[in-house]
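K.L.:
Numbering (this note's numbering), first residue to last: 15 to 190. Yeah, the Cβ is synthetic: ideal placement off N, Cα and C, and Gly gets one too.
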């Protein structure tokens, strides 16, 4: 009889992860089509580009915190997004700062205590701005071949016959 330490099999684990990723992509695509109301946008003043860049970096590291990733990886993703979605990002950072000031008395960038920043982020997690940033970060980090090695991912396996003979037995974090 096989002694299992965990009740989840590799097949179930991989299946549930695949469903989760697919669900996230579908949900963020549908929600990302929604637009912020004009009345909200007109009451918020746009921050300068330096403030946007620094706030976006802090925001990125709060959404996907990985100590092994250097700031340059986060910064490239958020800078590219800020160039593509100037209005959405500018208005989003202004809204984030406004909420942070209301809740914590200071702009998001100045909040030093991470749990306080997370509390502010949770209040906007359904907002198109947050969804756009989170989605860009998800693909920018986890679909970046230059970062695969940092996460222990060897890349696509099907071209090489799969993982059966190429590292399947090296899994030390998943029980049999």
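1) Report the rounded CA-to-CA distance for residue 86 versus residue 73, giving the unit in angstroms.
2) Please go through the segment 94-182 and give each complete alpha helix (DSSP H) segment of 4 or more residues, from N-terminal end onward.
3) Thinking C-alpha only, which one of 146, 173 and 77 is nearest residue 133?
4) For residue 110, collect the residues of the same chain with a Cβ closer than 6 Å to its Cβ; drop the 5 residues on either side in sequence, then sort them by chain order.
5) Candidates 130, 128, 119 and 70: which alpha carbon is nearest residue 104's?
6) Could you tell me the distance, in whole angstroms, from the CA atom of residue 164 to the CA atom of residue 137?
7) Assign residue 142 to buried or exposed, taking buried as 16 or more other Cβ atoms, counted over all protein chains shown, within 10 Å of its Cβ.
8) Measure the Cβ-Cβ separation of residue 151 and residue 107 and say whether it is below 8 Å.
9) Does the beta-carbon distance from residue 169 to residue 162 come in below 8 Å?
10) So is residue 13 buried or exposed if we call it buried at 16+ other beta carbons inside 10 Å?
11) What span of residues does the alpha helix (DSSP H) with residue 70 cover, start to end?
12) Near residue 67, what residues of its chain come up, given a Cβ to Cβ distance below 8 Å and the 5 sequence neighbours on each side ignored?
13) What separation, rounded to the nearest whole angstrom, lies between the Cα atoms of residue 39 and residue 149?
P.N.:
Inspection of the coordinates gives the following:
1) 14 Å
2) 100-118, 128-136 and 142-156
3) Closest option to residue 133, Cα to Cα, is 77.
4) Within the same chain, and ignoring the five residues on either side of residue 110 in sequence, the residues whose Cβ sits closer than 6 Å to its Cβ are 122.
5) 70
6) 31 Å
7) Answer is buried; the Cβ neighbour count reaches 16.
8) Going by C-beta atoms, residue 151 is not nearer than 8 Å to residue 107.
9) For the 8 Å CB-CB criterion, residue 169 and residue 162 form a contact.
10) For residue 13 there is no data in the structure shown, the boundaries of the chain being 15 and 190.
11) 63-77 is the span of the alpha helix (DSSP H), which, as asked, contains residue 70.
12) 89, 92, 93 and 96
13) Unreliable placement is indicated for residue 39, whose pLDDT of 48 sits below 50; the coordinate value is still reported in the next sentence. Computed Cα separation, rounded: 8 Å.
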